[in-house]
Amino acid sequence: ETHVDAMERERGLLDSLASAGIIEFVKRYGDFTISSGFSAMKSVLRECRPEAVFCGNDYMAAGALKCLHESGLRVPEEVAIVGYDNNDLCVGVVPSLTTVNAHHERVGKLLAKGLLALIDGKVKSVGKTIDPVLVERKSHLRCSPTSAERFNS
Numbered sequence: 006e007t008h009v010d011a012m013e014r015e016r017g018l019l020d021s022l023a024s025a026g027i028i029e030f031v032k033r034y035g036d037f038t039i040s041s042g043f044s045a046m047k048s049v050l051r052e053c054r055p056e057a058v059f060c061g062n063d064y065m066a067a068g069a070l071k072c073l074h075e076s077g078l079r080v081p082e083e084v085a086i087v088g089y090d091n092n093d094l095c096v097g098v099v100p101s102l103t104t105v106n107a108h109h110e111r112v113g114k115l116l117a118k119g120l121l122a123l124i125d126g127k128v129k130s131v132g133k134t135i136d137p138v139l140v141e142r143k144s145h146l147r148c149s150p151t152s153a154e155r156f157n158s
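Numbering (our numbering), first residue to last: 6 to 158.
This is the structure we're talking about:
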């Protein structure tokens with residue numbers, strides 16, 4: 006994976022998994038399309054049956070969701086799935102897709118505004134952090150108190 010944003014997402018995911026004490030996981034890469042999400046999920050299912058899946062974007066999550074349905078696995082009862090981007094597709098699939106909203110539109114506007122300020126000489130540098138937010142829909146189940154306790158200890 007060579008896309009800078011994707012590498013940052015992966016690093017964040019791996020850090021979160023490590024913090025939760027999760028050391029066993031399967032990783033697949035795709036090209037951010039529905040078909041690559043389907044293919045990646047099919048490949049994972051040949052190797053194991055995951056409890057949860059985190060996809061690099063919502064299109065891949067939709068493909069993974071389709072593959073899980075076709076494989077007879079119920080989402081979220083048997084496998085939880087989370088995407089990334091919070092695009093319109095999230096509410097167009099069943100179950101609706103839990104996703105991470107990285108506020109792409111807001112980031113783009115702030116970037117454009119900052120670049121114009123740099124060009125006009127109004128500022129010497131621009132720096133702002135916008136934290137992503139989890140948008141909880143129906144493709145995941147909340148942890149039971151026992152599971153949450155295991156990850157928080």
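Note that the Cβ used here is the ideal one computed from N, Cα and C, for glycine as well. Quick caveat: nothing in here was measured; it's all calculated off a predicted structure.
Sequence-distant residues of its chain with Cβ nearer than 6 angstroms to residue i (five each side left out)
| i | result |
| --- | --- |
| cysteine 72 | Phe43, Met46, Lys47 |
| glutamate 82 | none |
CB of residue i within 8 angstroms of CB of residue j, strictly
| i | j | result |
| --- | --- | --- |
| leucine 139 | valine 98 | no |
| valine 131 | alanine 117 | no |
| isoleucine 28 | valine 58 | no |
| aspartate 90 | histidine 109 | yes |
| glycine 61 | alanine 11 | yes |
| threonine 103 | glutamate 52 | no |
Contact set for residue i: own chain, Cβ-Cβ below 7 angstroms, skip 5 residues either direction
| i | result |
| --- | --- |
| valine 49 | Val31, Arg33, Pro55 |
| arginine 111 | Ile135 |
Rounded distance between the beta-carbons of residue j and residue i, thought under 8 angstroms
| i | j | result |
| --- | --- | --- |
| serine 101 | methionine 65 | The Cβ separation is near 16 angstroms, so there is no contact. |
| aspartate 63 | cysteine 95 | 6 angstroms |
| valine 105 | serine 144 | That belief does not hold up - the Cβ atoms of valine 105 and serine 144 are roughly 12 angstroms apart, past 8 angstroms. |
| lysine 127 | leucine 115 | About 14 angstroms separates the two Cβ atoms, so there is no contact after all. |
Pick from the options that is closest to residue i, judged by C-alpha positions
| i | options | result |
| --- | --- | --- |
| glutamate 15 | Gly88, Arg51, Ile39, Val84 | Gly88 |
| glycine 35 | Lys133, Glu82, His8 | His8 |
Cutoff 8 angstroms: residue i Cβ touching any chain D Cβ
| i | result |
| --- | --- |
| glutamate 110 | Given the protein chain composition of this structure (a single chain), no chain D is represented. |
Cβ neighbours of residue i in the same chain (closer than 8 angstroms, five flanking residues each side left out)
| i | result |
| --- | --- |
| leucine 18 | Phe59 |
| valine 172 | One cannot answer for residue 172 here, as it falls past the ends of the chain, which runs 6 to 158. |
| serine 152 | Caution is warranted here: a pLDDT of 48 is assigned to serine 152, below 50, making its placement in the model unreliable, and the coordinate value is therefore given only provisionally. So no residue of the chain qualifies. |
| leucine 22 | Ile28, Phe30 |
Sequence ranges, beta strand (DSSP E) only - wholly within the stretch 22 to 103, length at least 3: The qualifying runs are 57 to 59, 85 to 89.
Unbroken stretches of the alpha helix (DSSP H), 4 residues or longer, contained in the stretch 112 to 152: Counting whole runs of 4 or more residues, the stretch 112 to 152 contains no alpha helix (DSSP H) stretch at all.
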